[in-house]
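Numbering (the UniProt record's numbering), first residue to last: 1 to 251.
Using N, Cα and C, we set each Cβ at its ideal position, and we do this for glycine too.
Here the structure is laid out as structure tokens; the discussion comes afterwards.
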């Protein structure tokens, strides 16, 4: 899928000074696919510098079951020695447009401190582990993450930015570079909507039992979850299959 080239190119578009220090290879038929599990080790990030609001700007795969995702990162860990991320988004599952807020917690262990975020799902039919890894961040503008799951070959990718919306010119430059170096990867990218007017129009129904878990793994129908892994659907769907671990729901 050439996601290694993709993530490097997006980083270079945002950090012009890096262009002078890195050599980007052209795509070739012999190029090997990027493997997040094997090629990315994460890094010890600065929690204080990373704290604040982040908006999801893009993701892979291209799946439109939510909008307006933003993540609030705390400057300090909780009294339970956990990193609590506050997620807000609009759920569009089943044609709805519903504001949702959740807390997702990670143990503040060596793994998390080094930018590797593990989520575990258990049911009577399967046990699934989803992992996201921090690739790079400049703390002030963007953060890049890749991910993978134990039961799905679908590669995961997320681009978070401090600003709600990408500059159109920058977005065009990123797409041009993706087409040049990564080919068909560009067709998989979903550029998210973060328009304040649109995002603030969600009808609140308290705090529903939904979760997004920093992911974009999804399959065509909620009914496929018990034989696959669907993470962009509400926990009401997942409850029929089993228990979700390491997730705190508000309310």
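Residue 67 sits away from residue 100, with the two beta carbons spaced by 7 Å or more.
Annotation for residue 37: 131 and 148 place their beta carbon closer than 8 Å to its own, counting only its chain and skipping 5 residues before and after. Residue 117 has its alpha-carbon roughly 31 Å from the corresponding atom of residue 168. By the C-beta density criterion, residue 124 is exposed, having fewer than 16 other C-beta atoms within 10 angstroms. The beta-carbon distance between residue 77 and residue 85, rounded to whole angstroms, is 11 Å. This is too long to meet the 8 Å contact definition. Within the segment 79-165, the complete beta strand (DSSP E) segments of 3 residues or longer fall at 82-91, 98-107, 116-123, 127-137, 142-149 and 152-161, listed in chain order. Between the alpha carbons of residue 88 and residue 80 lies a distance of about 22 Å. C-alpha of residue 192 to C-alpha of residue 59: approximately 8 Å in a straight line.
For residue 142 and residue 97, the gap between their C-alpha atoms comes out near 27 Å.
Looking at the backbone, the Cα of residue 46 and that of residue 72 are separated by about 15 Å. In the assembly as shown, residue 102 is a buried residue. Its beta-carbon has 16 or more other beta-carbons within 10 Å. The Cβ-Cβ distance between residue 156 and residue 57 does not fall below 7 Å.
By the 16-neighbour rule on beta-carbons within 10 angstroms, residue 198 is exposed. Buried is the label assigned to residue 137, since at least 16 other Cβ atoms lie within 10 Å of its Cβ. Boundaries for residue 188: no beta strand (DSSP E) harbours it, and the DSSP string shows neither H nor E there. Within the model, the alpha-carbon separation for residue 164 versus residue 108 is close to 28 Å. Within the model, the alpha-carbon separation for residue 140 versus residue 162 is close to 7 Å.
In terms of Cα proximity to residue 50, the closest of 115, 106, 104 and 39 is 115. If one requires a minimum length of 3 residues, the beta strand (DSSP E) runs lying completely within the segment 50-80 are 52-60 and 66-73, in chain order. Using a Cβ distance threshold of 7 Å, residue 194 and residue 53 do not count as a contacting pair. Residue 105 is not a Cβ neighbour of residue 75, given a cutoff of 7 Å.
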